[in-house]
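Reviewing the structure listed below.
In UniProt numbering, the protein residues as written are 1 to 302.
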């Protein structure tokens, strides 16, 4: 009986996902080679078993409820894992399938993307779906397998794997410094444009060590930006001071496009970099595990 119920649960989940993606019961029925009444019965049985409404039904359209949206995302992950398990079991456990990766832009540009050709050569059956953005996404809602993040881990659902740490540096363009002057101490930054992000980061201030006590200064000015690469370009254009990872602006400093500032006041300003994922490593699909192993080996920030 237990096996029968579990099989029924799988069928209900797969049917529910197909209804959502087909946007109608009749279309889902055609794709599943079932009658519309059979699909409706399975959907009703699923909602009854769960005790919640998953889809609001109207004469014109069907819309997921909040509970339905969450259940849909979980079903997708479960069905994807089942598919991967079947493929690995029947095809010699060769890693295959899709790995969705979300990385902040600077790490993606300087560390991740240069290594992708080697990864795909090593694992030709894996498809990488890579998104570069600095805003933190919910891995479950975004169907993301691995995210590259900076700072401490705040979500108890996630597990992290260290990718090193980056020294942070405050920089400005020579043209900006010629126009506005060179700050000699952190206190002098109050009269400067300090470029910030248009979203909340885990570190909301620029940390400095003064002569007597730590000096914490928030960004300030009339320009907010969406990612570190855009902030780098804004700094080069002379729009203000920026606090960025040293690896991100190293070549700009060497070329004279940017000038590091107040380095004696922030020698310990570091941000940890991690690969984060849902669940302990032993439960990960092989395709995700080999990707994590690869970036830990090839993309470690030193």
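C-beta atoms are modelled at their ideal positions from N, C-alpha and C, and glycine is treated no differently.
- For a cut-off of 8 angstroms, the C-beta gap from residue 221 to residue 196 is around 7 angstroms, short enough to register as a contact.
- Per DSSP, reduced to three states, the secondary structure at residue 15 is helical.
- Relative to the Cα of residue 255, the nearest Cα in the group 149, 104 and 174 belongs to 174.
- Shown here for residue 276: same chain residues with a beta carbon closer than 6 angstroms to its own, the five before and five after excluded, namely 147, 149, 158 and 160 in chain order.
- By the criterion of a C-beta distance shorter than 6 angstroms, residue 12 is surrounded in its chain by 42 and 46, once the five residues flanking it on both sides are discounted.
- When secondary structure is reduced to three states using DSSP, residue 149 falls in the strand class.
- Relative to residue 80, the option among 182, 274, 144 and 27 whose CA is nearest is 144.
- By the Cβ test, the region 164 to 179 is in contact with the region 241 to 255, since at least three Cβ pairs between them sit closer than 8 angstroms.
- Within the model, the alpha-carbon separation for residue 10 versus residue 65 is close to 21 angstroms.
- Separation of residue 130 and residue 117 (C-alpha to C-alpha, rounded to the nearest whole angstrom) is 13 angstroms.
- Annotation: residue 199 is outside any beta strand (DSSP E) and is labelled neither H nor E by DSSP.
- Minimum Cα-Cα distance from residue 165 among the listed residues 22, 296, 193 and 119 corresponds to 296.
- Judged by DSSP in its simplified three-state form, residue 69 adopts helix.
- Taking the C-beta atoms as reference points, residue 78 is found no nearer than 9 angstroms to residue 68.
- Apart from the 5 residues on each side of it in sequence, residue 234 sits with its Cβ closer than 8 angstroms to the Cβ of 195, 223, 225, 240 and 242 in its chain, given in chain order.
- Taking C-beta separations shorter than 6 angstroms and ignoring five residues to either side along the sequence, the partners of residue 132 in its chain run 103, 105 and 108, following chain order.
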